[in-house]
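Enquirer: Numbering-wise, numbering that gives the first Met the number 0 puts 257 at position 258 of the sequence shown, and it's gapless, one number per residue. Please find one structure pasted underneath; my questions will follow.
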Amino acid sequence: MSLPFAEETARARVAQAAWARLSVRERLKPVRAFRGKLVDAPDELLAAIEADVHRPASEVLGTDFLSTAAAAKYLESNARGILDPKIITGRPLWLFGVSTTQVAMPHGVVGLIGTWNYPLFLNAVPILHALVAGNALLWKPSEQAPRMAAVLHRLLLESGFPPDLLQMLPAARDAGPDLVEADIDFLHFTGSDTVGRKLAARLGARLIPSTMELSGVDAALVLADADLDLAAKTVFYGATLNNGQTCIATRRAFVDQSVYHAFAEKLKALVAKTKPVELQTPGQVSQMERLIADAVTRGGIAFPEPAGRCRPTVILNGSTEMAVCHEASFAPLVAVIPCDSFDDMVRRANDCAFGLSSSVFSATTRSIPELRVGSVVFNDTIVPTAHPATPFGGRGASGWGPTQGREGLLAMTYPKVISRRFLPIRQHIDAGLARDPALGDALMGALRFNYGRGWRQRWRGLLQMIGGFRRMGRKPIE
0 MSLPFAEETA
10 RARVAQAAWA
20 RLSVRERLKP
30 VRAFRGKLVD
40 APDELLAAIE
50 ADVHRPASEV
60 LGTDFLSTAA
70 AAKYLESNAR
80 GILDPKIITG
90 RPLWLFGVST
100 TQVAMPHGVV
110 GLIGTWNYPL
120 FLNAVPILHA
130 LVAGNALLWK
140 PSEQAPRMAA
150 VLHRLLLESG
160 FPPDLLQMLP
170 AARDAGPDLV
180 EADIDFLHFT
190 GSDTVGRKLA
200 ARLGARLIPS
210 TMELSGVDAA
220 LVLADADLDL
230 AAKTVFYGAT
240 LNNGQTCIAT
250 RRAFVDQSVY
260 HAFAEKLKAL
270 VAKTKPVELQ
280 TPGQVSQMER
290 LIADAVTRGG
300 IAFPEPAGRC
310 RPTVILNGST
320 EMAVCHEASF
330 APLVAVIPCD
340 SFDDMVRRAN
350 DCAFGLSSSV
360 FSATTRSIPE
370 LRVGSVVFND
380 TIVPTAHPAT
390 PFGGRGASGW
400 GPTQGREGLL
410 AMTYPKVISR
420 RFLPIRQHID
430 AGLARDPALG
440 DALMGALRFN
450 YGRGWRQRWR
460 GLLQMIGGFR
470 RMGRKPIE
């Protein structure tokens, strides 16, 4: 029985072989052309996104277009330096006469399962990274954003990417699992942790590497010295951006007990001005209602009361026992939890399987290695994580593998090491084949000389190494 998408994969492999032989400079030409299309003719793409996910152009320009154009420009400026072969220096003495080069090799055929909430940014960036790295791509768009996918695919082809190199699969739910079963060499998935676990299990069974950009239940830590007006506005923004349909939306706000009531009042004032919002799927609506009901049964106070259908909602008197603090959701909902100290905040923030990003609000910047997340933002949220030169990724249930930046580009490759020995001496081979006992003496001397802790030990090691090498080959092994 043939694998799914066999014809598409076969065409992709032929195209990829030719594409990978091009220089990085040549592979970047379509990236520059695509960036020009984003700037010169955005209207069709904006209209498609609005039709798919009902987001206004003013918001999409800020969240998708600016960040995608920045990512493209970053690749144009930096991809050659990242992907060009690197000469490895600092070889140990026992590799004298050996030169080593590390080459970033494309995986081959990359599968990409896209998402819909930031449809341009979260699809275009991994597409560009995969192609610039020298791969072919089979892209399965989200069934929630088929119009955007069709326009984006056409713009990328018009920019100069070969059609067999970048193929768009059906924007259908069953195409994702089929892609995982196809003859691919790497998979990039953006989506829920529930689906990610299933895909990762199958990929693991097939020994196919992947990047999993999964859900988040992100935390904000509001310290006693925080600017409360800024903190309240930022937490509210983080919880409601794109109607809460953001993987790094703020879901938990841990607030110092001394400023908890003042912070809560400021947050309530912001929530009071809101109206019900539209979510993309009925499942998001029912989940939001269930999470609010669970929080209330556990002693939380939902504001406004009653919350209403899809009304941005704050859970006051929150606790980490509530499902909203442990279950990924795509809705404008945040729990506010009083804490005794900064250490208490960190401990509670880490009491969650997800680890995507966190925000810290304080008048002073402090070291926070204890927060088990992929990124930390001081006195802001979400937007700084789109810096095109920085990697983005999570821990735990938030997945693995970076996107964006140098690390995101290199994730679309594997390292190949090429070693060349220029000197004619191969004494280690002759001695090893002959099982010469003097080899052990020489190697022990090399160990002491190269890595001994004091000059006496290293001097004795040098003498032992020289003596061992001089004795090698003098008499055969009985």
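Positions of the beta carbon are idealized from the N, C-alpha and C atoms, including for glycine. Computed from a predicted model, the values in this text were never measured in an experiment.
Nearest-angstrom Cα distance between M211 and K415?
Expert: Rounded to the nearest angstrom, the two C-alpha atoms are 23 Å apart.
Enquirer: Closer than 6 Å by C-beta to I247: which residues in its own chain qualify, once you throw out the five before and the five after it? Chain order, please.
Expert: The answer, listed in chain order, is G215, D217, L355, S356 and I381.
Enquirer: Using a 10 Å radius around the Cβ and a threshold of 16 neighbouring Cβ atoms, would you call L438 buried or exposed?
Expert: Looking at its Cβ environment, which holds 16 or more other Cβ atoms inside 10 Å, L438 is buried.
Enquirer: Between V124 and G466, what straight-line distance do the alpha-carbon atoms span, to the nearest angstrom?
Expert: Approximately 58 Å between the Cα atoms of the pair.
Enquirer: Measure the Cβ-Cβ separation of F252 and A294 and say whether it is below 8 Å.
Expert: The question names Phe, but residue 252 in the sequence shown is Ala. In this structure, A294 does not lie closer than 8 Å to A252 by Cβ.
Enquirer: So, using beta-carbon positions, are N349 and R365 closer together than 8 Å?
Expert: Against a cut-off of 8 Å, the Cβ pair of R365 and N349 comes out as no contact.
Enquirer: Across the stretch 156 to 174 and the stretch 190 to 203, are there enough close Cβ pairs to call them in contact, namely three or more that are closer than 8 Å?
Expert: The stretch 156 to 174, when compared against the stretch 190 to 203, does not touch it at the 8 Å Cβ threshold.
Enquirer: Suppose you measure from the CA of L178 to the CA of H187; what does that come to, to the nearest Å?
Expert: The alpha-carbon atoms of L178 and H187 are separated by roughly 11 Å.
Enquirer: Using the Cβ count rule (16 or more neighbours within 10 Å means buried), how would you classify L82?
Expert: Flag for L82 reads buried.
Enquirer: Less than 8 Å separating the beta-carbons of L290 and S328?
Expert: Yes, these two residues count as a Cβ contact at 8 Å.
Enquirer: Name, in chain order, the residues that DSSP records as bridge partners for V30.
Expert: Its beta-bridge partners do not exist; DSSP assigns none.
Enquirer: Quick one: give me the first and last residue of the beta strand (DSSP E) that L127 is part of.
Expert: No beta strand (DSSP E) holds L127; the alpha helix (DSSP H) holding it covers F120 to V131.
Enquirer: Straight-line CA distance for G133 to L206?
Expert: Spanning the two alpha carbons is a distance of roughly 21 Å.
Enquirer: In chain order, what residues of the same chain lie with their CB nearer than 7 Å to the CB of L202, ignoring the 5 residues before and after it?
Expert: Result list for L202: V179, L186 and S209, in chain order.
Enquirer: Quick check on H57: does DSSP put it in helix, strand or coil?
Expert: It should be pointed out that residue 57 corresponds to Ser in this sequence rather than to His. Of the three classes helix, strand and coil, the one that applies to S57 here is helix, per DSSP.
Enquirer: Out of curiosity, what's the CA-to-CA distance linking A5 and A148?
Expert: Distance between the alpha carbons of A5 and A148: 22 Å.
Enquirer: Considering only residues of the same chain and omitting the five flanking positions on each side of W138, which have a CB-CB separation below 6 Å?
Expert: So the list reads L111 and M167, once near-sequence residues are dropped.
Enquirer: Nearest to G61 by alpha carbon, out of V38, A50, M471 and G392?
Expert: When only C-alpha atoms are compared, the closest one is V38.
Enquirer: Quick check: the Cα distance between V194 and S397, rounded to an integer number of angstroms?
Expert: The straight-line gap from Cα to Cα measures roughly 12 Å.
Enquirer: Use the C-beta contact count for Y73: other C-beta atoms within 10 angstroms, 16 or more gives buried, fewer gives exposed.
Expert: Result: buried.
Enquirer: I48 and V59: beta carbons closer than 8 Å?
Expert: Contact: yes.
Enquirer: Where are the alpha helix (DSSP H) runs, 4 residues long or more, that stay fully inside the stretch 377 to 450, in chain order?
Expert: The stretch 377 to 450 contains these whole alpha helix (DSSP H) runs: 404 to 409, 426 to 433 and 436 to 450.
Enquirer: Please name the residue in M471, A231 and A292 whose C-alpha comes closest to that of F360.
Expert: Considering only alpha carbons, the answer is A231.
Enquirer: Within 10 angstroms of its Cβ, does I476 collect 16 or more other Cβ (buried), or is it exposed?
Expert: For I476, the predicted model reports a pLDDT of 41, less than 50, meaning its position is unreliable; a value from the coordinates is still stated below. Burial call: exposed.
Enquirer: For P145, report the span of its alpha helix (DSSP H) as first-last.
Expert: First-last of the alpha helix (DSSP H) with P145: P145 to E157.
Enquirer: Should G243 and T189 be called a contact, given that it needs their Cβ atoms to be closer than 8 Å?
Expert: Contact: no.
Enquirer: When the Cα of G407 is compared with those of A385, R457 and F391, which residue comes out closest?
Expert: Checked all of A385, R457 and F391; the closest Cα to G407 is F391.
Enquirer: Would you tell me roughly how many angstroms separate the C-alpha atoms of N378 and L315, rounded to the nearest one?
Expert: Going from the Cα of N378 to the Cα of L315 covers about 21 Å.
Enquirer: Which two residues bound the contiguous beta strand (DSSP E) that contains V284?
Expert: No beta strand (DSSP E) holds V284; the alpha helix (DSSP H) holding it covers P281 to T296.
Enquirer: Looking at the structure shown, is A135 part of a helix, part of a strand, or coil, going by DSSP?
Expert: Three-state DSSP puts A135 in a strand.
Enquirer: Among the candidates A68, R434, Q426 and L213, whose CA atom is the shortest distance from the CA of D399?
Expert: With the sequence shown as reference, residue 399 is identified as Trp, and Asp is not the correct amino acid for it. The option with the nearest alpha carbon to W399 is L213.
Enquirer: What are the start and end residues of the beta strand (DSSP E) that includes T189?
Expert: F185 to T189 is the span of the beta strand (DSSP E), which, as asked, contains T189.
Enquirer: I183: buried (16+ other C-beta within 10 angstroms of its C-beta) or exposed?
Expert: Buried, since its Cβ has 16 or more Cβ neighbours within 10 Å.
Enquirer: Pick helix, strand or coil for Q244, following the three-state DSSP scheme.
Expert: In the structure shown, Q244 sits in coil (DSSP, three-state: anything other than H, G, I, E or B).
Enquirer: For I86 and S418, what's the separation of their Cα atoms in angstroms?
Expert: Distance between the alpha carbons of I86 and S418: 10 Å.
Enquirer: Need the endpoints of the beta strand (DSSP E) that M104 sits in, please.
Expert: Looking at the DSSP string, the run of the beta strand (DSSP E) that includes M104 is V97 to P105.
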